[in-house]
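Undergrad: After the C-alpha cells below, expect a handful of questions from me.
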Amino acid sequence: MTSYWCEQAWLPEGVVPGVLIDVADGLVVHLSTADGPGDAVRLPGVVLPGFANAHSHAFHRALRGRTHDDGGTFWTWREAMYAVAAELTPESYLELATSVYREMAVTGVTAVGEFHYLHDRSNEMGEALRQAAANAGIRLTLLDTCYLAGGIDIPVQGVQRRFSDGTAEAWAARVEELRPDPMTRIGAAIHSVRAVPRAQLAEVAAAFPDNPLHVHLSEQPAENEACLNAYGLTPTELLHEAGALTARTTAVHATHLSTKDIKLLGAARTGACFCPTTEADLADGIGPARDLADAGSPLSLGSDQHAVIDPLLESRALEHGERLRTGKRGRFSPRELLAALTNHTSIGWPEAGRIGVGAPADFVAIRLDSVRTAGSRPEQVVLTATASDVATVVVAGKVIAQDGVHFSNG
C-alpha cells in the first residue's frame, strides 16, 4: 500500500485540510485526516481529482504554431490538417502521440478521449494510440470514429480515404476487433452529420450501445446550413431522428445551436464537450454552455487540436466565454468548472473523477504558492492556476509526473 498526504484535498464535500489517501492496487482504499505526512508522500497545495481530456485529435498537435501566417478559416486550416494526416504511419503516429500524451500528463490529464478517425481500414493506428497512452501512463478511451463521406452527398476523396471504412457495417466490424484493457476502454464516434450519411446514422449510433458515443456537432455555421438544405433539419434534429442523442452521447463543440437544439440535447441528457482554446483558435465561436447545462447536458472539456494543452486554461476559458457572451460574471461556479474538468463519465470511466474510497487513485496536486496562485482560495484555484502550477500527477496510485517532468514508461 502507498499513502499520500495532501496539504488540502478537494473531496466531494469540499476542500479538506490534511487528507491522508491510502492506495492499493491502483484504487483509493481509505481516507482519513492527519496533522502531517508521517511516512506518506507529501502532495503540496490543493489536490484535485485527475483531469479528463474528453476530446483529443493527437495528430493535430503537429500543426501547433504553423497555421497563423495567412489568416483564413476553419476550412482552410483543415487543408493543413489533411496534409499532416497524409504523411502519418503507425510508427510516426506512435512517436507523435506519445509526446502529446506525455504533455497532457504533466498538465494533470489522467485520462483522454481520443476521437480517432485516421484508420486506413485497420486498427494499426488505434493500437499505436493505445501504446502511446501506455507510454505516458494515462488512461485512454479510444473513440473509434465512423467517417464515410466527404460532406453531405459528397464521396470521400484524397486523404479522406484514410478515414473511411466504406460502410457503417465495415466500420463496426473493425471496431469489434478492438479490446479493452485495464487502462484502455473503447468507444464509438460519429464524425459529424457531414461525414456519416443520414441512412447510416442510426446503424452507427446503435452499434455499441454500452459504450460512449461522441459526435462533432454544429462547430461551424456551414455545417448547419448544409444539413438544413439537404434534410430540412438541424444537425441536432437529424441526430435525434437517428436515435443518437442519449445519456451516453457527448456532443463536441455544440457551438451554433437553436433553442430547440438545446432542449433536445438537454432532455436526452446528452453531454456537451467544449474545447475553448481550439474554438478560439479556429474562430468557431462561443457556444451556449450555460444554457446547455441548465437544460440538463453534463459538460466536459477537451483540448481538441492541442493549440494549447492546459486543462485549467480550458476550464477558465469556459467561464470567460460565458462572460463575453452574456456580459455577466460567475456563470459557472468553481465547483461546476471542476466537474467539467473531471467528467470521466463522458469518456466511459464513471468510477473516476473523484477522490473517494473505491475510486481510481488518479489525482493532481496544484501549487498554491506560485506567482499565479499566491493568495488564491483553494476553492478558486481553477480560476487562477495554469498547467505550470501542476506539482504532482498520480495515475493508478503511481506518480507519473512532477513539476513539469514526465517519468517515462517507454
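Using numbering that gives the first Met the number 0, the first residue of the sequence shown is number 0, and each one after it goes up by one.
We treat Cβ as the ideally placed atom computed from N, Cα and C, and that holds for glycine.
In or out: residue 75 buried (at least 16 other Cβ within 10 Å) or exposed?
TA: By the neighbour-count rule (16 or more Cβ atoms within 10 Å), residue 75 is not buried but exposed.
Undergrad: Do the region 359–376 and the region 395–407 touch if we need at least three Cβ pairs shorter than 8 Å?
TA: Short answer: they touch.
Undergrad: So, for residue 31: in the same chain, excluding its five sequence neighbours on each side, which residues have a beta-carbon less than 6 Å away from its beta-carbon?
TA: These residues qualify, in order along the chain: 19.
Undergrad: What is the DSSP secondary structure of residue 265, reduced to helix, strand or coil?
TA: Correct three-state label for residue 265: helix.
Undergrad: In this structure, how does DSSP classify residue 180 when only helix, strand and coil are distinguished?
TA: Looking at residue 180 - three-state DSSP - the assignment turns out to be strand.
Undergrad: Assess, as a yes-or-no matter, whether the region 381–391 is touched by the region 305–313 under the definition of 3 or more beta carbon pairs within less than 8 Å.
TA: With a cut-off of 8 Å, the region 381–391 and the region 305–313 count as touching, because enough Cβ pairs lie within range.
Undergrad: Kindly indicate which residue of 144, 50 and 77 has the alpha-carbon position closest to the one of residue 104.
TA: Nearest of 144, 50 and 77 to residue 104, Cα basis: 50.
Undergrad: Do the CB positions of residue 14 and residue 356 come within less than 8 Å of each other?
TA: Against a cut-off of 8 Å, the Cβ pair of residue 356 and residue 14 comes out as no contact.
Undergrad: According to DSSP, simplified to helix, strand and coil, what is residue 406?
TA: Coil, per DSSP.
Undergrad: How is residue 113 classed by DSSP in three states: helix, strand or coil?
TA: Looking at residue 113 - three-state DSSP - the assignment turns out to be strand.
Undergrad: If contacts are defined as beta-carbon pairs under 8 Å, then residue 147 and residue 186 qualify, I think. What distance do you get, rounded to the angstrom?
TA: At roughly 18 Å, the Cβ-Cβ gap does not stay under 8 Å, so residue 147 and residue 186 are not in contact.
Undergrad: Give the DSSP-derived three-state secondary structure of residue 139 in the structure shown.
TA: Three-state DSSP puts residue 139 in a strand.
Undergrad: Quick check: the Cα distance between residue 158 and residue 85, rounded to an integer number of angstroms?
TA: When rounded, the distance between both Cα atoms is 6 Å.
Undergrad: Within a Cβ cutoff of 7 Å, which residues of the same chain sit near residue 163, ignoring the five residues on either side of it in sequence?
TA: Cβ within range, chain order: 146, 147 and 155.
Undergrad: Mind checking which residues open and close the alpha helix (DSSP H) that includes residue 411?
TA: Nothing in the structure corresponds to residue 411, since the chain is present only between 0 and 409.
Undergrad: Quick one: complete beta strand (DSSP E) runs, 3+ long, within the region 279–313?
TA: Entirely contained in the region 279–313, the beta strand (DSSP E) runs reaching 3 residues are, in chain order, 298–300.
Undergrad: Using three-state DSSP, classify residue 89 as helix, strand or coil.
TA: Residue state, collapsed to three classes: helix.
Undergrad: So is residue 323 buried or exposed if we call it buried at 16+ other beta carbons inside 10 Å?
TA: Its Cβ having fewer than 16 others within 10 Å, residue 323 is exposed.
Undergrad: Let me check one thing: in DSSP terms, what residues is residue 5 bridge-paired to?
TA: Residue 5 is bridged to 18 and 42.
Undergrad: On the three-state DSSP scale, how would you describe residue 367?
TA: Coil, per DSSP.
Undergrad: Can you tell me the Cβ-Cβ gap for residue 83 and residue 114, rounded? I've got them flagged as a contact below 8 Å.
TA: That pair is no contact at about 15 Å.
Undergrad: Pick helix, strand or coil for residue 380, following the three-state DSSP scheme.
TA: Correct three-state label for residue 380: helix.
Undergrad: To the nearest angstrom, report how far apart residue 353 and residue 320 are at their CA atoms.
TA: Approximately 26 Å between the Cα atoms of the pair.
Undergrad: Who pairs with residue 30 in a beta bridge, going by DSSP?
TA: In DSSP, residue 30 forms a bridge with 20.
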